[in-house]
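*Asks:*
Numbering (the numbering used here), first residue to last: 18 to 212.
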């Protein structure tokens, strides 16, 4: 539509209009690029087969903590939890948590806290201080393309990608009702505490 307006009315536009339309085009192109990248991520997740790599959960989250500090997201890691080895590659673990962190930032969070315990699974509780998830939307959040932030560039693919990758490792993710922020419980494959 923007291109059509350009083609039809460019000669009669005042000096500022073309700049305004170019900004629209740039924003739309960036949104399409993001959507294509997310679709590729979803396609890769759908056919993903886990390898035999593993990653230290605490050390990996520590490295991501520094990265997200630049985006004004404080990642609070539990000092009393032991390091655990997760049988998931660093790349996939980054994809899972970066999608969660990005989702939190998009929904106004400035802080994320973690807790985890190890039994049959590593059960990780992820809790942010953002807007949270309404009960009305809770059943839809893992549905591809469902988003409450379409106007802000949301694609509705972040949580489905996370779910697909975790399930490929025989794990689970679920939303948990909370009075504040968003809470997710991730059940990752069983781990070995590191000494």
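For glycine and all other residues, C-beta sits at the position ideal for the given N, C-alpha and C. Note that this is a predicted model, so its numbers are computed, not measured.
Determine the direct distance from the alpha carbon of residue 101 to that of residue 211, and round the result to whole angstroms.
*Replies:* Note on residue 211: pLDDT 45, under 50, position unreliable in the model; the coordinate value appears next. For residue 211 and residue 101, the distance between alpha carbons rounds to 6 Å.
*Asks:* Who are residue 92's beta bridge partners in DSSP?
*Replies:* DSSP output for residue 92 lists 129 as bridge partner(s).
*Asks:* Can you give me the Cβ contacts of residue 200 inside the same chain, cut-off strictly under 6 Å, excluding the 5 residues immediately before and after it?
*Replies:* If we look at residue 200 and ignore the five residues flanking it on each side, its Cβ neighbours are 144 and 193.
*Asks:* How would you label residue 139, buried or exposed, when you count the other beta carbons within 10 angstroms and need 16 or more for buried?
*Replies:* Buried, by the Cβ-count rule.
*Asks:* Any idea what DSSP makes of residue 207, helix, strand or coil?
*Replies:* Note: residue 207 maps to coil in three-state DSSP.
*Asks:* Run through DSSP, which three-state label would residue 53 get?
*Replies:* Residue 53: helix per DSSP, three-state reduction.
*Asks:* Taking only the alpha-carbon atoms, compute the straight-line gap between residue 150 and residue 198 and give it to the nearest angstrom.
*Replies:* Roughly 7 Å between the two C-alpha positions.
*Asks:* How is residue 201 classed by DSSP in three states: helix, strand or coil?
*Replies:* The answer is strand: DSSP assigns residue 201 an E or B state.
*Asks:* Can you tell me whether residue 158 is buried or exposed, with buried defined as 16 or more other CB within 10 angstroms of its CB?
*Replies:* Label assigned to residue 158: buried.
*Asks:* Do you know how far the Cα of residue 195 is from the Cα of residue 116?
*Replies:* Straight-line Cα distance between these residues: approximately 20 Å.
*Asks:* Look at the Cβ atom of residue 127, then the Cβ atom of residue 81, and state whether they are nearer than 8 Å.
*Replies:* No, the Cβ-Cβ distance between residue 127 and residue 81 is not below 8 Å.
*Asks:* Specify, as a first and last residue, the run of the alpha helix (DSSP H) that residue 21 falls within.
*Replies:* Note, residue 21: alpha helix (DSSP H), 19 to 26.
*Asks:* Per DSSP, what kind of secondary structure is residue 164 in: helix, strand or coil?
*Replies:* Note: residue 164 maps to coil in three-state DSSP.
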